[in-house]
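Single-structure report; data block below.
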Amino acid sequence: MSLPFPSPTEPIGSRAEVFLGYLDYFRSVVADKLGGLSEDDLRQSRLVSGWAPLELVKHLTYVELRWLEWGFEGREVADPWGDHRDGRWYVGPDETPDDLLEALDAQAARSRTVVESHALDEVGRPGERWAGGEPATLERVLFHLLQEYARHIGHLDIVRELIDGEVGE
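Here it is in structure tokens:
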């Protein structure tokens, strides 16, 4: 079961904790929406665009890696686009749902460490992630991650409804 939706009126100690709370919530929704699906349902697409639910999980893991570690912190990352193959999201046949959800959880812990180690107005390090442009602040990166999760969870809502009729939050 996913975490409760973050209350917009509950006092939170900092804006960074607000961002982290929403990211935690969105990750829990992703995991919840995969629950009870068969291996076939997790690996096959129901959409014209062709992505499968497990590919989305891996993509979201790499999105956080690319924006926070490779981009914002400027860390060396061996394969920042490891969720892509031949211009598409990709999950190998040996990658299991449990492995991919564990990878998302591990990335969540690393992402939390990055956020808790920097001020929201801190500017990221210049690097390849920014394609020659000015690096973003941590706050802008976190806004981007929230919209990425919200958009993709909407996609996953549709996929789940197509699979078994389960709808919404």
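Numbers 0 to 168, taken from numbering that gives the first Met the number 0, label the letters of the sequence shown in order. By construction, the Cβ of each residue, glycine as well, lies at the ideal position given by its N, Cα and C atoms.
- LEU155 and GLY123 have their C-alpha atoms roughly 30 Å apart.
- Nearest Cα to LEU53 within the set LEU2, VAL17, ASP82: ASP82.
- Residue pairing by DSSP places THR136 opposite VAL122 in a beta bridge.
- If you compare the alpha carbons of LEU144, ARG150, ARG159 with that of GLY20, the shortest gap goes to LEU144.
- HIS117 sits in coil when the DSSP states are folded into three classes, being neither helix nor strand.
- Note on the region 17-61: whole alpha helix (DSSP H) runs with a minimum of 4 residues are 38-42, in chain order.
- One alpha carbon belongs to HIS117, the other to LEU137, and they sit about 8 Å apart.
- Assignment of ARG84 by DSSP, reduced to helix, strand and coil, places it in the strand class.
- With at least 16 other beta carbons inside 10 angstroms of its own, ALA51 counts as buried.
- By the 16-neighbour rule on beta-carbons within 10 angstroms, ILE157 is exposed.
- Scanning its chain for C-beta atoms nearer than 6 Å, with the 5 sequence neighbours on each side dropped, one finds around LYS57 the residues ASP82, VAL90, LEU99, in chain order.
- By the C-beta criterion, the region 22-32 is judged to be in contact with the region 95-115, since at least 3 inter-stretch pairs fall below 8 Å.
- Residue burial annotation: ARG159 is buried, with at least 16 other C-beta atoms found within 10 angstroms of its C-beta.
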